[in-house]
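Down below is the structure, laid out as structure tokens.
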Amino acid sequence: MTHDYPAPKSPNIHLASAKISFHVDVNFGDPVWPAPVRTGLPRLLGGEIDVLAYPVTMVLAEKIVTAVERGAANTRWRDFVDVALLAAKVDIGGDDMMRSLAIVAASRQVELAPLAEVLDDIADGAQRKWTAWRRKQNLVATTPESFQGLLDSCSAFADPVLRREVEGFRWSSSDYKWS
18 MTHDYPAPKS
28 PNIHLASAKI
38 SFHVDVNFGD
48 PVWPAPVRTG
58 LPRLLGGEID
68 VLAYPVTMVL
78 AEKIVTAVER
88 GAANTRWRDF
98 VDVALLAAKV
108 DIGGDDMMRS
118 LAIVAASRQV
128 ELAPLAEVLD
138 DIADGAQRKW
148 TAWRRKQNLV
158 ATTPESFQGL
168 LDSCSAFADP
178 VLRREVEGFR
188 WSSSDYKWS
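Last residue of the sequence shown: 196 (my numbering), numbering continuous.
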């Protein structure tokens with residue numbers, strides 16, 4: 018079963034003579050655990066606005082389950098970048114991550130398997146497209162040149178969770194490992 022995604026909304030806003038584009042990704046109907054959290058988003062003209070947002074474990078779970086579900090046919094480069102980036106910036110409890118992942122997988126009826134297994138053959142064939150995409154997105158300075166390197170970063174975070182080996186563990190973003 019493939020989970021279909023509506024196109025993200027990217028409205029253009031006009032403020033005086035400035036044209037400002039932003040991205041809104043809205044999701045309805047999927048389970049969320051733990052509950053949404055209040056977070057502050059920076060305003061263009063200073064200050065912050067409080068919004069309810071997915072907890073980081075749910076953001077990661079949705080991206081990881083999508084990668085497992087789509088397997089070698091996956092072209093959602095942004096999801097891989099997001100997983101690696103969040104894993105490098107946020108410390109996460111293993112129990113919460115496993116539960117979020119299980120909830121998303123059950124909702125989508127996806128059988129979980131380690132990314133290293135389901136994406137085993139993707140890197141070589143995807144390298145050329147990855148190189149073009151990261152250049153087009155202006156991410157050359159902030160993402161690995163090698164697509165396999167990006168997948169390895171994602172697998173280092175996700176595979177122990179997918180194998181349910183992180184009970185009582187905590188992900189250290191600074192050490193980039195579970196302990």
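Note that beta-carbon positions come from the ideal geometry of N, C-alpha and C, so glycine has one too.
I need the straight-line Cα distance from residue i to residue j, nearest angstrom please.
i	j	result
I109	D96	18 Å
A52	N29	30 Å
P161	F45	33 Å
S34	D47	39 Å
A130	I37	41 Å
A122	D192	28 Å
D67	R55	6 Å
N155	E86	27 Å
V178	G166	19 Å
Return the chain-ordered list of same chain residues with a C-beta closer than 6 Å to the C-beta of residue i, the five sequence neighbours on each side being excluded.
i	result
M18	Residue placement at M18 cannot be trusted, given a pLDDT of 49 that sits under 50; what the coordinates show is reported in the next sentence. Cβ within range, chain order: Q126.
G88	V135
How is the beta strand (DSSP E) around residue i delimited, first residue to last?
i	result
W188	187-189
Below 7 Å CB to CB, which residues in the same chain sit around residue i once its five sequence neighbours on both sides are set aside?
i	result
F164	A140, A143, Q144, W147
V82	L118, V121, A122, R125, V127
G63	none
Hey, could you find the ends of the alpha helix (DSSP H) residue i is sitting in?
i	result
E79	73-87
G111	111-125
Leaving out five residues before and five after residue i in sequence, what residues of the same chain have Cβ atoms less than 8 Å from its Cβ?
i	result
S196	F186, R187, S189
Less than 8 Å separating the beta-carbons of residue i and residue j?
i	j	result
A104	S170	yes
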